[in-house]
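Student: First the structure, which I've put down as structure tokens, then a few questions once you've had a look.
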Amino acid sequence: MPPYKIPKRVKFRKEMRRARDRKATKANYVAFGDYGLQALEGCWLKSNHIEAGRIATMHSLKREGKLFIRVFPDKPISKKPLEIRMGKGKADVDYWAARVRAGVILYELAGVSEEKAREAFRRVSMKMPVRCRFVTRRVEV
Amino acid sequence: MQHETTTLIAERRERLGSRYAQRLRAGGRLPAIVYGHGETPIPVAVDRKLAVQHIERGEKVFNIEFDGRTETVLVKDLQFDHLGTEIIHADLTLVNLNERVETNVHVHLIGTPKGLKTEGALLMHPTTQITIECTVTNIPEEIDVDVSELDAHESIHASEIKLPLDTMKLVSDADAIVAQIVVKNVESTGEEATVEGQAAPEVLTEKKKDEEKD
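Right under this line is the structure:
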């Protein structure tokens, strides 16, 4: 298994599934960088999606700028193997995912021009399992 | 500083709650609440297009007409939708023009820092707005900060910002970093995995084998 991000320690080995179609009430604005990539739908974002997005940004920007990853895959997703009978308890953990609600900022970029950030996030959005859009810092009072 | 004060025509909201607020938004109105000066909070609705247009321009002080009276209000807080783009509610506080108020002001960085010539240097501005205390008539739209003399590994703190008027007072944390030049380690490839390959995380509530035997 490639070395994707997973938690160092957890309280429980497995977790219930819970809803994926909620709307974000927090983490829905650009907080650290200048530009962000926002998920427009809810999903379980796998650790390999997050890593693919990070690599796509690095390749696009050629290590220019600073990338902030705003999501962490801390939800264990279990899956039964193929051709196995139902029952006999909950299956083993298959992968780790981040719970993403509609509106959550996935990545942020600082120290690059808007043009470069747009191009980088355009490539990242192709790696994501949900529709995404480019956002900037919002008006604050 | 804001020169002309926009007047918003408001009507009092008789029916309250999210259902009626949604209907107002669908009809092009923006639900808001007016409070302050010891008065009972008054729920109102204003023209959404006009209000949002001026708020997005950075205006904070408005004249508001409702119930046959005109009051000066300051935009205290805004509520956004789940995508963080549409303003869905505004908090307006009653103010006098000569009253001293605390308000957030956007910090605008001017110039190209000389430290950016260093390889791997990045201009970061963790704090994009600072809180100041000033009279309502003197609220600046933004505060300009010259960063052209900023060198690598140097930073500008909120306390170092020169406020436009002497009567203005900084309220936010004086040590907050407004702009800094950080230098990334150029030698790291950025390709390597972010965390060492780990089979499974440690489970805190799992019983150890020795405990089970007991």
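First to last, the protein sequences are chains E and H. According to the working numbering, the first sequence is numbered sequentially starting from 217. According to the working numbering, the second sequence is numbered sequentially starting from 719. Think of the CB as a built atom: it goes at the ideal place given N, C-alpha and C, for glycine as much as any other residue.
So does the segment 236-245 of chain E actually touch the segment 307-320 of chain E, counting three or more Cβ pairs closer than 8 angstroms?
Tutor: As far as the Cβ criterion goes, the segment 236-245 of chain E touches the segment 307-320 of chain E, which means the pair count is three or higher.
Student: CB H875(H) to CB D893(H), shorter than 8 angstroms?
Tutor: Within the second sequence, residue 875(H) is the residue found at index 157, counting from 1. Within the second sequence, residue 893(H) is the residue found at index 175, counting from 1. Taking 8 angstroms as the Cβ cut-off, H875(H) and D893(H) qualify as a contacting pair.
Student: Please compile the residues from chain H whose C-beta is within a distance smaller than 7 angstroms of the C-beta of R225(E).
Tutor: Looking up residue 225(E) in the first sequence gives position 9. Within 7 angstroms Cβ-Cβ: P919, E920 and L922.
Student: At least one CB of chain E closer than 8 angstroms to the CB of G908(H): is that the case?
Tutor: Taking the first residue of the second sequence as 1, we reach residue 908(H) at position 190. Its pLDDT being 47, under 50, G908(H) is placed unreliably in this model, and the coordinates cannot settle the point.
Student: Using a Cβ cut-off of 8 angstroms (strictly closer), state whether L726(H) contacts chain E.
Tutor: Along the second sequence, read from residue 1 onward, the residue named residue 726(H) stands at position 8. Judged by the 8 angstroms Cβ criterion, L726(H) is not in contact with chain E.
Student: Would you verify that the beta carbon of E356(E) is, or is not, closer than 8 angstroms to some beta carbon of chain H?
Tutor: By 1-based counting over the first sequence, the position of residue 356(E) is 140. Closer than 8 angstroms: yes.
Student: Any idea if D864(H) is buried or exposed, counting beta-carbon neighbours within 10 angstroms, 16 or more meaning buried?
Tutor: The residue given as residue 864(H) occupies position 146 in the second sequence. Answer is exposed; the Cβ neighbour count stays below 16.
Student: Is the shortest distance between the beta-carbon of I773(H) and the beta-carbons of chain E less than 8 angstroms?
Tutor: Locating residue 773(H) in the second sequence gives position 55, where the first residue counts as 1. Closer than 8 angstroms: yes.
Student: Whole angstroms are fine: how far does the CA of R353(E) sit from the CA of G908(H)?
Tutor: Residue mapping note: residue 908(H) aligns to position 190 of the second sequence, counting from 1. Residue mapping note: residue 353(E) aligns to position 137 of the first sequence, counting from 1. Confidence at G908(H) is low in this model, with a pLDDT of 47, below 50, so its placement is unreliable and the value that follows should be read with caution. Distance between the alpha carbons of G908(H) and R353(E) is about 26 angstroms.
Student: When you compare the CB positions of V287(E) and I271(E), do they come within less than 8 angstroms of one another, or not?
Tutor: On the first sequence, position 71 is the one that residue 287(E) refers to. On the first sequence, position 55 is the one that residue 271(E) refers to. No, they are not a contact pair.
Student: To the nearest angstrom, report how far apart A255(E) and D799(H) are at their CA atoms.
Tutor: In the first sequence, counting from the first residue as 1, residue 255(E) sits at position 39. In the second sequence, counting from the first residue as 1, residue 799(H) sits at position 81. Near 14 angstroms, if we compare the C-alpha coordinates of D799(H) and A255(E).
Student: Return the chain-ordered list of same chain residues with a C-beta closer than 8 angstroms to the C-beta of K221(E), the five sequence neighbours on each side being excluded.
Tutor: Against the first sequence, residue 221(E) aligns to sequence position 5. The residues are S263, I266, E267, F288, P289 and W312.
Student: Using the three-state DSSP reduction, which class does T885(H) fall into: helix, strand or coil?
Tutor: By one-based count along the second sequence, residue 885(H) stands at place 167. In the structure shown, T885(H) sits in coil (DSSP, three-state: anything other than H, G, I, E or B).
Student: Taking 8 angstroms as the CB-CB cut-off, is R229(E) touching chain H?
Tutor: Counting from 1 along the first sequence, the entry for residue 229(E) is found at position 13. Cβ-Cβ to chain H under 8 angstroms: yes for R229(E).
Student: For N244(E), return the contacting residues in chain H, with the cut-off set at a CB-CB distance below 7 angstroms.
Tutor: The count along the first sequence starts at 1 and reaches residue 244(E) at position 28. Those within 7 angstroms of N244(E) in chain H are H800, L801 and G802.
Student: Does any CB atom of chain E fall closer than 8 angstroms to the CB of N903(H)?
Tutor: As a working mapping, residue 903(H) is identified with position 185 in the second sequence. Chain E contact via Cβ: absent.
Student: Show which residues of chain H have a CB atom less than 9 angstroms away from the CB atom of E239(E).
Tutor: As a working note, residue 239(E) is residue 23 in the first sequence. According to the sequence displayed, residue 239(E) carries Lys and not Glu. Simply D799, H800 and L801.
Student: Quick one: what does DSSP say K239(E) is sitting in, helix, strand or coil?
Tutor: Along the first sequence, read from residue 1 onward, the residue named residue 239(E) stands at position 23. If DSSP states are grouped into helix, strand and coil, K239(E) belongs with the strands.
Student: Who are R365(E)'s beta bridge partners in DSSP?
Tutor: Residue 365(E) is absent from the structure shown; chain E starts at 217 and stops at 357.
Student: Assign L748(H) to one of two classes, buried (16 or more other C-beta atoms within 10 Å of its C-beta) or exposed (fewer than that).
Tutor: As a position in the second sequence, residue 748(H) is number 30, starting the count at 1. L748(H) comes out buried.
Student: Quick one: Cα of G249(E) to Cα of R741(H), how far?
Tutor: Here residue 249(E) corresponds to residue number 33 of the first sequence, with the count starting at 1. Here residue 741(H) corresponds to residue number 23 of the second sequence, with the count starting at 1. Each residue's Cα considered, the two are about 35 angstroms apart.
Student: Just to confirm, is the Cβ distance from Y251(E) to E330(E) under 8 angstroms?
Tutor: Along the first sequence, one-based indexing puts residue 251(E) at 35. Along the first sequence, one-based indexing puts residue 330(E) at 114. The answer is yes: Cβ separation under 8 angstroms.
Student: Assuming T830(H) and S873(H) are in contact, meaning their beta carbons sit under 8 angstroms apart, how far apart are those beta carbons, in whole angstroms?
Tutor: For the purposes of this step, residue 830(H) is taken as residue 112 along the second sequence, with counting starting at 1. For the purposes of this step, residue 873(H) is taken as residue 155 along the second sequence, with counting starting at 1. Contact flag wrong, Cβ pair sits at about 16 angstroms.
Student: Any idea if R766(H) is buried or exposed, counting beta-carbon neighbours within 10 angstroms, 16 or more meaning buried?
Tutor: Translated into positions along the second sequence, residue 766(H) becomes position 48. Buried, by the Cβ-count rule.
Student: For R349(E), which residues does DSSP report across the bridge?
Tutor: For the purposes of this step, residue 349(E) is taken as the residue at position 133 of the first sequence. In the DSSP output, where bridge partners are listed per residue, R349(E) has Q254(E).
Student: Under three-state DSSP, which class holds Y220(E)?
Tutor: Indexing the first sequence from 1 puts residue 220(E) at position 4. Reduced to three states, the DSSP call for Y220(E) is coil.
Student: Work out the CA separation of K332(E) and S276(E) for me, nearest whole Å.
Tutor: As a working note, residue 276(E) is residue 60 in the first sequence. As a working note, residue 332(E) is residue 116 in the first sequence. Looking at the two C-alpha atoms, the distance is approximately 8 angstroms.
Student: Indicate whether the contact test is met: 3 or more Cβ pairs, each with one atom in the segment 801-818 of chain H and one in the segment 832-841 of chain H, closer than 8 angstroms.
Tutor: Segments in contact, no.
Student: Using the three-state DSSP reduction, which class does H875(H) fall into: helix, strand or coil?
Tutor: Position 157 of the second sequence, counting from 1, holds the residue named residue 875(H). Strand, per DSSP.
Student: Can you pull the chain H residues whose beta carbon is under 8 angstroms from the beta carbon of K282(E), in chain order?
Tutor: Mapped onto the first sequence, residue 282(E) falls at position 66. Correct list: L840, M842, V900 and K902.
Student: Give me the chain E residues within the contact set of L796(H), using Cβ-Cβ distance strictly less than 8 angstroms, ordered along the chain.
Tutor: Here residue 796(H) refers to the residue found at position 78 of the second sequence. Within chain E, the residues near L796(H) are V355, E356 and V357.
Student: What residues in its chain sit with their C-beta under 7 angstroms from that of H755(H), if we drop five residues either side in the sequence?
Tutor: Position 37 of the second sequence, counted from the start, is the residue given in the question as residue 755(H). Same-chain partners within the cutoff: L812.
Student: Can you name the residues that DSSP bridges to F798(H)?
Tutor: Taking the first residue of the second sequence as position 1, residue 798(H) is located at position 80. Its beta-bridge partners are I805(H).
Student: How many Å lie between N903(H) and I895(H) at the Cα?
Tutor: Your numbering for residue 903(H) matches position 185 in the second sequence. Your numbering for residue 895(H) matches position 177 in the second sequence. C-alpha separation (whole angstroms): 21 angstroms.
Student: On the criterion of 16 or more Cβ atoms from any shown chain inside 10 Å, does Q898(H) qualify as buried, or is it exposed?
Tutor: The residue you call residue 898(H) lines up with position 180 of the second sequence. Q898(H) comes out buried.
Student: Provide the residue(s) that pair with M842(H) in DSSP beta bridges, ordered along the chain.
Tutor: Along the second sequence, one-based indexing puts residue 842(H) at 124. Looking at the DSSP assignment, M842(H) forms a beta bridge with Q898(H).
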